[in-house]
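Residue 287 in numbering that gives the first Met the number 0 sits at position 288 of the sequence shown; the count goes up by one each step and never skips. Just so it is clear, CB atoms sit at the ideal spot from N, CA and C, and this is done for glycine as well. These notes are about the structure you will find just below.
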Amino acid sequence: MSFVSSPITLEAVSVLQVVFAFMTAFGAALVFHVVKFRLLALFLAFQSVLCVLNIAENNALLGEMLITPVFTLLFGPLLYLLVSALTGEDAKVTVKTAAHFLPALLALPFTSQVQTVVLLGSLSQLVYISLCFIKLSQYHTLLKSVSSQVDSYSLKWLSMALGVFCTVLVLDLVRMNTQTITPLLLKKGLYFASELVFFSLSCYLIFKVVRSPEVFGDIKRYQSLLNEPAIEKQDDALAQTIFTEIEQVVCHEKLYQHPKLTIAELADHTGFKVRDISWAVNTVAHRNFSDYINSLRARAIKEVIETMPHSTMPLINIALDHGFNSKSTFFNSFKKEFELTPMQYKKQLISRGSGS
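Put into structure tokens, the structure is as follows:
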């Protein structure tokens, strides 16, 4: 969202901003009653207020007073808090988090220095977006270490949306700093295009969060479990012993068939600590927990295919019965394990049977 009114009244942009203001206000009201969506509601309300102020400033309704430049310093912290909430962290506004909004407060007396405030705000946004990427990377790394159902909790869509936003933000920063040498028609087109992209991203955010609200909410718990004191004398022999016991339990009880199997549940079944299970799997299998469980699922499915290669049951049904929850994860895990897709492996078995 552009934070500085253009010196030229742009009717198309004004119409888009009116629509944007209503859409984000409606979205905020729609999700506010759900506690875990409160920060999303705050973020959308922020966007709505920004649109209203942009329209007011574009049409000189506030006189010479400018407020929107300060919003560039608010956007980054709000986005970071939202991403923290979406990754399952307790993102309440405390004294510590409130400090992130202090620069915006300090910038209020200097809003007349539009270019300076916007430049600082844009740099602030790039810093916070970088922090968001780091937060998402940590989330996905931890998720793969403790859960076998990575797809259901994945936030890759948010990473892609942030990537698009970051690109547009840089281009918009260039646009705002080259207005004096940009032809009028191009200036209008670029301004409208940037507004349209931010509008689309906000719609996408509402759609994805409301449609896929499930996040892995035990982040802090698993971080503490993985940080528990480990076995004093760690060596390969001990790792192999623990790993063997783990695999016997998982295979005998067919725990891999549970789509939402977590490392904590495996710890309850085996009596080992979460940290020791993670260490043993990493040391012996050279994989994270998610990849390891998926490899067991792939092996079990391979045995089913070998037992009845001429079965008409769809392979995806077999995959779902063995704990996979997406076709892409099933195919990728199987190919990673056997260097063939499930269908290629099945055809190979049938071909060998026909040849004999």
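### Query
Would you call the stretch 110-119 and the stretch 139-152 in contact, with 3 or more CB pairs under 8 Å?
no
### Message
Per DSSP, what are the beta-bridge partners of T282 in this structure?
### Response
Its beta-bridge partners do not exist; DSSP assigns none.
#### Entry: Inter-residue Cα distance where the pair is S153 and V196
24 Å
### Message
Give me the residue from G87, S136, Q46 and A59 with the minimum Cα distance to L73.
### Response
Q46
### Message
As a quick exercise: from P76, A318, S325 and V249, pick the residue whose alpha carbon is nearest that of F288.
### Response
V249
### Query
With respect to the alpha helix (DSSP H) encompassing T269, which residues constitute its N-terminal and C-terminal limits?
I262 to T269
### Message
Is there a Cβ of chain D sitting closer than 8 Å to that of F70, yes or no?
### Response
Among the chains in the structure shown there is no chain D, since it carries only a single protein chain.
### Query
Quick one: is S350 buried, meaning 16 or more other Cβ sit within 10 Å of its Cβ, or exposed?
exposed
### Query
Terminal residues of the continuous alpha helix (DSSP H) containing T96?
V94 to A97
### Message
I need the boundaries of the alpha helix (DSSP H) containing Y190, first residue and last residue.
### Response
L183 to R210
### Query
Hey, I241 and A284 are a contact pair by Cβ (cut 8 Å); roughly how many whole angstroms apart?
Not a contact, Cβ separation roughly 11 Å.
### Task
Determine the direct distance from the alpha carbon of H309 to that of S332, and round the result to whole angstroms.
22 Å
### Query
Just how far apart, CA to CA, sit A27 and L78?
15 Å
### Task
Tell me whether S146 sits in a helix, a strand or coil according to DSSP, three-state version.
strand
### Message
At 4 residues or longer, what runs of the alpha helix (DSSP H) sit wholly inside the stretch 326-352?
### Response
326-337
### Query
Between F100 and the rest of its own chain, which residues show a CB-CB distance below 6 Å, the 5 nearest in sequence each way excluded?
P76
#### Entry: Environment of A59 [buried if 16+ CB atoms lie within 10 Å]
exposed
### Message
Using only CA atoms, which one of L295, V94, L339 and D275 lies nearest to H257?
### Response
L295
### Query
In chain order, what residues of the same chain lie with their CB nearer than 8 Å to the CB of S13, ignoring the 5 residues before and after it?
I54, N57 and N58
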